[in-house]
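**Q**
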Amino acid sequence: MWFRATEAFQWFEQGGNGMAGRTEVMTSRGMVSTAARPEGLALFWQKFGTSYLFMAPFLIFFAIFVVAPVLTAVYLSFTYFNVLEAPRFIGWSNYKLLFLEDDVFIIAIANTLTFAIITGPVGFFLSFMFAWLINPLKLKTPLALCFYAPSITGAVAMGVVWKIVFSGDRYGYLNNWLLGIGVIDEPYQFLAEQAAIMPVIMFVALWMSMGTGFLVFLAGLQTVPGDLYEAGKMDGIRNPLQEVWYITLPMIKPQLLFGSVMAVVAGFSVFEVATSLAGLPSPLYAGHTIVAHMYDFAFIRFEMGYATTVAVFLFLLTFGLGRLLMRMFSSKNEY
Amino acid sequence: MAVLVRRPQTVDFSVAKVLRFLRKQTPAPSYLFLIPMAVFSMLPIVYVISTAFKPLEELLLFPPPFLVRRPTLDNFQDLLLATNALAVPFTRYLFNSIFVVLTTVMLQVLMCSMCAYPLSKARVLPGRNFIFGMIVAALMFAPQVTRIPQYLVVQKIGLIDTYGALILPALAWSYGLFMMKQFMDNAVPNELIEAARVDGAQEWTIFWNIVMPNVAPAWNTLLIFGFIQLWNDSFSPLVFTRSEAMKTVSVAMISLTNGPASIARQGAQAAAAFLMTAPTITVFLLRQAKVIETMAHSGIKS
């Protein structure tokens, strides 16, 4: 589906011949020949102009604010650029620096990978599990809202609450409670101790993870026709686990793919949760992520060339994983 | 959709048995597990809402009471005072947020729908696969990736520190286009459009009078998602604007929590957190049925 402009080629084959005088237009009713008609570009415009006009507003903004930035990023990643002077081409230096000498970036990658590998699959699984559990219930809607609500709250606003919960003094809810039951003797610095920062961030992120994926699964489950389960029983499906594996999952595969892509992107682009809890830079970079590293270099140090190198790396990473997921989901048994 | 209840045929103490029990035989165990989880999930939000109305003495109480005892609006007043010390009044941030979010969301939904229409319904459209492929590819990278070059583009066009910088880049919303196109594929019958074409209707008329009413759940959903995302976004206003007069509530929130004397402003913080949270939840509550309906069509078929 990617990079296949077959329809365009089809048209050029037809339209190209059209220049010679004989034109045939594909319609849903088949090949129709007509006598007098505009040719070449004019014909193209007459046939598809309206379509392109409809798409133009979005595509123009898409080109300016998505396509052009991505291409610019790739170019800038090979330059030294500090916004004040014109970018200076320096070849692979940024990439060498990034992987060989930037220790903080290695920490950022390690943190982001830990985060993505744990919260991605766990969040995905929890979303599916909760969606599956609440789908047949009467109180489905209120429960769905309860699970979904955290994901629509801003990480910044909720950071205030979680900071109180994890506060390092004895006034923090968690410390207060742990002191009360005697697990610890003095307040633990949840947001300053290196070992605790990532787990805290992951916990809060998981709390917010029942988002788009959860809704997509919930909606997908509703579209699975009930008689399919009946048919499954005839075919010897014994228990709910088999039912999920052989009927539910294949039926909502498109939704699962969408949810997994969203989970991957969210996992690798973790930023706001981390900075609103641990700050930027966080103590000993314990909560530093790839996007935080990029933000640091781009908008605090204004080393745009280097920052875009980080961006390109992240882009390739999430894009590659996205493609991988699409392949994984499509190579399974087709229906 | 109701799933028929099945009686167990064999005695079977496996995981599967437990799962079946949890889910179907009786919903009670399911509820026993789900309701505490749901409550836990909602606790921080309830706390934010309740704290916003706590008087000062309750805010400083130890241990902090979870629910408000004597609700008051002092914190909101405090918020106005606290931000008066900043360069601009809080109402300015609020106006910026509301203005930017509403304008953007309406343009986003209109442009996504317009673009989705030919992508979904044109008989032949050269480049359709290429364009849609790019949209799907754009779904697969973190939005922050494009922020730096986006910043350079915005700077080049001279939009830095204007509403344009906050509105225009957000219009290239591939997620919105993707969802709208998937929904149109499924929810608008081709025969309907063909019939209108045979009757000689103009494409715009077909789009506006036939397609748009049919995809109402989808654009309702996009309105909500767009609203939530933009309302919470602090990245764009932080990066694309410089003067305080152009910042939004989410940025004011950050300066309230991170600035000096942030402890003294607990009341104001709570009120600001409430103002950040309440609109998104309200908007979602009002429209959640449409959202679920739309999401059913938003899978990626590979």
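Sequence lines, in order, name chains A and B. Under our numbering, the letters of the first sequence match residues -2 to 332, in that order. Under our numbering, the letters of the second sequence match residues 127 to 428, in that order. Where is the CB? At the ideal position from N, CA and C, for every residue including glycine.
Within its chain, find whatever has a CB closer than 6 Å to the CB of D311 of chain B; leave out the 5 residues flanking it on each side and keep chain order.
**A** As a first step, residue 311 of chain B must be located in the second sequence, where it is residue number 185. Closer than 6 Å at the Cβ level, and outside the excluded window around D311 of chain B, lie S246.
**Q** Counting only C-beta atoms, is V153 of chain A closer than 8 Å to chain B at any point?
**A** Locating residue 153 of chain A in the first sequence gives position 156, where the first residue counts as 1. V153 of chain A counts as touching chain B.
**Q** State the beta-bridge partners of T76 of chain A as determined by DSSP.
**A** Position 79 of the first sequence, counted from the first residue, corresponds to residue 76 of chain A. A:F86, per the DSSP bridge assignment.
**Q** Could you say if the stretch 364 to 379 of chain B and the stretch 337 to 351 of chain B meet the contact criterion of at least three C-beta pairs nearer than 8 Å?
**A** Flag = no, the stretch 364 to 379 of chain B and the stretch 337 to 351 of chain B do not touch.
**Q** Which runs of the alpha helix (DSSP H) fall wholly inside the stretch 276 to 323 of chain A and span at least 4 residues, in chain order?
**A** 287 to 292
**Q** Taking all protein chains shown into account, decide if L97 of chain A is buried (16 or more other Cβ within 10 angstroms of its Cβ) or exposed.
**A** The residue given as residue 97 of chain A occupies position 100 in the first sequence. When all chains shown are included, L97 of chain A counts as exposed.
**Q** Enumerate in chain order the residues of its own chain whose CB-to-CB distance from S25 of chain A is below 8 Å, with the five nearest sequence positions on each side excluded.
**A** The residue you call residue 25 of chain A lines up with position 28 of the first sequence. Confidence in S25 of chain A is poor, its pLDDT being 45 and thus under 50, which makes the residue's placement too unreliable to answer from.
**Q** Would you call the stretch 88 to 97 of chain A in contact with the stretch 269 to 277 of chain B, where contact means no fewer than 3 C-beta pairs closer than 8 Å?
**A** no
**Q** Flag this pair as touching only if the stretch 239 to 257 of chain A and the stretch 233 to 247 of chain B have three or more C-beta atom pairs under 8 Å; answer yes or no.
**A** The way I'd put it, the stretch 239 to 257 of chain A doesn't touch the stretch 233 to 247 of chain B; fewer than three beta-carbon pairs between them come closer than 8 Å.
**Q** What first and last residue would you give for the alpha helix (DSSP H) that runs through S257 of chain A?
**A** Counting from 1 along the first sequence, the entry for residue 257 of chain A is found at position 260. From DSSP, the alpha helix (DSSP H) with S257 of chain A extends over 250 to 265.
**Q** Is I131 of chain A close to chain B, meaning its C-beta is less than 8 Å from at least one C-beta of that chain?
**A** In the first sequence, the residue the question calls residue 131 of chain A occupies position 134. Cβ-Cβ to chain B under 8 Å: yes for I131 of chain A.
**Q** Is it the case that the stretch 194 to 207 of chain A contacts the stretch 121 to 141 of chain A, given that we only count it when at least three CB pairs across the two stretches are under 8 Å?
**A** yes
**Q** When you compare only the Cα positions, how much space is there between A263 of chain B and P269 of chain B?
**A** On the second sequence, residue 263 of chain B is found 137 positions in, with the first residue counted as 1. On the second sequence, residue 269 of chain B is found 143 positions in, with the first residue counted as 1. Using only the alpha carbons, I get a separation of about 12 Å.
**Q** Would you decide whether L56 of chain A is buried or exposed? Buried here means 16 or more other CB atoms lie within 10 Å of its CB.
**A** For the purposes of this step, residue 56 of chain A is taken as the residue at position 59 of the first sequence. It counts as buried.
**Q** Would you mind telling me which residues of chain A sit closer than 9 Å to N358 of chain B, beta carbon to beta carbon, in chain order?
**A** Locating residue 358 of chain B in the second sequence gives position 232, counting from the first residue. I149, T150, G151, A152, V153, A154, E269, listed in chain order.
**Q** Give the secondary structure of V201 of chain A by DSSP, where H, G and I count as helix, E and B as strand, and everything else as coil.
**A** On the first sequence, residue 201 of chain A is found 204 positions in, with the first residue counted as 1. Correct three-state label for V201 of chain A: helix.
**Q** Which residue comes first and which comes last in the alpha helix (DSSP H) that contains V213 of chain A?
**A** For the purposes of this step, residue 213 of chain A is taken as the residue at position 216 of the first sequence. Its alpha helix (DSSP H) spans residues 209 to 220.
**Q** Please go through the same chain and pick out, in chain order, the residues whose beta-carbon is closer than 8 Å to the beta-carbon of F258 of chain B, but skip the five residues on each side of it.
**A** Mapped onto the second sequence, residue 258 of chain B falls at position 132. Excluding sequence neighbours, F258 of chain B sits near L245, K307.
**Q** According to DSSP, simplified to helix, strand and coil, what is M266 of chain B?
**A** Locating residue 266 of chain B in the second sequence gives position 140, counting from the first residue. Correct three-state label for M266 of chain B: coil.
**Q** First and last residue of the alpha helix (DSSP H) that includes P190 of chain B?
**A** By 1-based counting over the second sequence, the position of residue 190 of chain B is 64. Premise fails: P190 of chain B is in no alpha helix (DSSP H) and is neither H nor E.
**Q** For the stretch 193 to 207 of chain B, which residues have a beta carbon sitting closer than 9 Å to at least one beta carbon of chain A?
**A** none
**Q** Could you tell me whether any Cβ in chain A is nearer than 8 Å to the Cβ of E183 of chain B?
**A** The sequence position of residue 183 of chain B within the second sequence is 57, counting from 1. Not closer than 8 Å to any Cβ of chain A, the Cβ of E183 of chain B fails to qualify, so no.
**Q** Determine the closest residue to S164 of chain A out of A:K135, A:D182, A:V197, A:S327, with distance taken between C-alpha atoms.
**A** Counted from its first residue, the first sequence places residue 164 of chain A at position 167. Answer by Cα proximity: A:V197.
**Q** V262 of chain A to G217 of chain A, Cα distance in whole Å?
**A** To locate residue 262 of chain A, count along the first sequence from 1; it is residue 265. To locate residue 217 of chain A, count along the first sequence from 1; it is residue 220. Computed Cα separation, rounded: 21 Å.
**Q** Establish whether the CB of L349 of chain B and some CB of chain A are separated by less than 8 Å.
**A** On the second sequence, position 223 is the one that residue 349 of chain B refers to. For L349 of chain B, the answer is no, since every Cβ of chain A falls outside 8 Å of its Cβ.
**Q** Report the three-state DSSP secondary structure of D359 of chain B (helix, strand or coil).
**A** Reading the second sequence from its first residue, position 233 is the one you call residue 359 of chain B. D359 of chain B: coil per DSSP, three-state reduction.
**Q** Ends of the alpha helix (DSSP H) at G290 of chain B?
**A** As a position in the second sequence, residue 290 of chain B is number 164, starting the count at 1. Start and end: 289 to 293.
**Q** First and last residue of the alpha helix (DSSP H) that includes E183 of chain A?
**A** Counting from one through the first sequence, the residue named residue 183 of chain A turns up at place 186. Element bounds for E183 of chain A: n/a, residue is neither H nor E.
**Q** Touching or not, the stretch 174 to 183 of chain B and the stretch 197 to 207 of chain B, by the rule of three or more beta carbon pairs under 8 Å?
**A** Yes, they touch.
**Q** Using a beta-carbon distance below 8 Å, is M291 of chain A in contact with chain B?
**A** What you label residue 291 of chain A is simply residue 294 of the first sequence in a count that begins at 1. M291 of chain A counts as touching chain B.
**Q** Are at least three pairs of beta-carbons, each pair with one atom in the stretch 291 to 308 of chain B and one in the stretch 221 to 236 of chain B, less than 8 Å apart?
**A** yes
**Q** Quick check on DSSP: helix, strand or coil for G165 of chain A?
**A** One-based indexing of the first sequence puts residue 165 of chain A at position 168. Correct three-state label for G165 of chain A: coil.
**Q** Check the Cβ of Y289 of chain B against every Cβ in chain A and list those closer than 7 Å, keeping chain order.
**A** Translated into the one-based positions of the second sequence, residue 289 of chain B becomes position 163. The premise fails here: Y289 of chain B is roughly 15 Å from chain A at the closest Cβ pair, so nothing lies under 7 Å.
**Q** Just by C-beta distance, which residues in the stretch 160 to 185 of chain B are closer than 7 Å to chain A?
**A** L160, A164, S167, M168, P170, I171, Y173, V174
**Q** From R413 of chain B to V71 of chain A, what does the alpha carbon distance come to, in whole angstroms?
**A** Numbered from 1 along the second sequence, position 287 holds the residue referred to as residue 413 of chain B. Numbered from 1 along the first sequence, position 74 holds the residue referred to as residue 71 of chain A. About 41 Å.
**Q** Here's a check: name, in chain order, each residue in its chain whose Cβ is nearer than 8 Å to the Cβ of L355 of chain A, leaving out the five neighbours to either side.
**A** With chain A running from -2 to 332 in the structure shown, residue 355 of chain A is simply not present.
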